[in-house]
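All you need for our numbering is the position in the sequence shown, starting with 1, plus 1. Every residue, glycine too, gets a C-beta built ideally from N, C-alpha and C. Predicted model, so just to flag it, every value in this text is computed and none were measured.
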Amino acid sequence: MDKITIHNLIRKSLDGDLKSFEALIDEHQNQIYRVILGIVKNHVITQEITQDVFIKSWRNLDKYDFKYNFKSWLNKIAVNESINSLKSTRSFEEYNENLHAIESELDKIDDSKLNKLRLAITELSNDQKIIVQLKHFENFTYREISQILDVPEKTVKSRLYSARLVLRNHVKKS
Numbered sequence: 002m003d004k005i006t007i008h009n010l011i012r013k014s015l016d017g018d019l020k021s022f023e024a025l026i027d028e029h030q031n032q033i034y035r036v037i038l039g040i041v042k043n044h045v046i047t048q049e050i051t052q053d054v055f056i057k058s059w060r061n062l063d064k065y066d067f068k069y070n071f072k073s074w075l076n077k078i079a080v081n082e083s084i085n086s087l088k089s090t091r092s093f094e095e096y097n098e099n100l101h102a103i104e105s106e107l108d109k110i111d112d113s114k115l116n117k118l119r120l121a122i123t124e125l126s127n128d129q130k131i132i133v134q135l136k137h138f139e140n141f142t143y144r145e146i147s148q149i150l151d152v153p154e155k156t157v158k159s160r161l162y163s164a165r166l167v168l169r170n171h172v173k174k175s
């Protein structure tokens, strides 16, 4: 869907047209789901957060600034809701326990390089994991990530650089 079509759907949604908002959901739902799943690592929680993201975006659609990318705006909501969910529904210790369970599953993978990389990702800070997820798995630009996380572009680049160093060192050690 092009930018003009999306902006027309947003305008109609602001006028109360639910079908237009449903079209926006259909366009962005899978991508939002992947971003959230990459952060919370749980399908049930991801489904709940995805619904929350679209409810929140509906309620705050009047605050959307048309000069920004709508997808980036939605992703910012998704990342924030995911982080809030991790903080409120589980402690970060539980989150790390979940990552250790994932490590156990990854040990079963035959491809040793992929396994090493995935294990290395679990060593990253939460901020670094989110940036790696958005940059390398969701293919966002530095600028889009900056808008989503509400941090300067230089911060995004710095965190990504640090994350890559951690990953490189971890893979070399393994």
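- Cα atoms of serine 14 and glutamine 30: separation of roughly 16 Å, rounded to the nearest angstrom.
- Relative to valine 80, the option among Lys117, Leu166, Glu145, Leu25 whose CA is nearest is Glu145.
- In the same chain as glutamate 154, and ignoring 5 residues on each side of it, the C-beta atoms closer than 7 Å to its own belong to Tyr143, Arg144, Ser147, in chain order.
- For phenylalanine 55, same chain residues with a beta-carbon under 6 Å away, outside a window of 5 residues either side, are Ile26 in chain order.
- Bounds of any alpha helix (DSSP H) do not take in tyrosine 65, whose DSSP letter is neither H nor E.
- With contacts defined by Cβ atoms closer than 9 Å, asparagine 76 and isoleucine 132 do not form a contacting pair.
- The Cβ-Cβ distance between valine 41 and serine 86 falls below 9 Å.
- Per DSSP, the unbroken alpha helix (DSSP H) holding aspartate 128 starts and ends at 127 to 133.
- In this structure, DSSP gives glutamate 139 a state outside helix and strand, which the three-state scheme calls coil.
- With a beta-carbon spacing of about 12 Å, phenylalanine 71 and isoleucine 149 fall beyond the 8 Å limit used to define contacts.
- By the C-beta density criterion, glutamine 129 is buried, having at least 16 other C-beta atoms within 10 angstroms.
- Taking leucine 168 as the centre and dropping the five residues before and after it, the same chain places the C-beta of Ala121 closer than 6 Å to its C-beta, in chain order.
- With a beta-carbon spacing of about 6 Å, leucine 118 and valine 172 fall inside the 8 Å limit used to define contacts.
- Taking a C-beta distance under 9 Å as the contact criterion, methionine 2 and glutamate 23 do not qualify as a contact pair.
- Leucine 19 counts as exposed, since fewer than 16 other beta carbons sit within 10 angstroms of its beta carbon.
- Under the DSSP assignment, threonine 6 falls in the alpha helix (DSSP H) whose first and last residues are 4 to 15.
- Note on geometry: alpha-carbon atoms of glutamine 48 and lysine 174 lie some 37 Å from one another.
- Counting along the chain, glutamate 28 sits inside the alpha helix (DSSP H) bounded by residues 19 to 41.
- DSSP, read as helix, strand or coil, puts asparagine 70 in coil.
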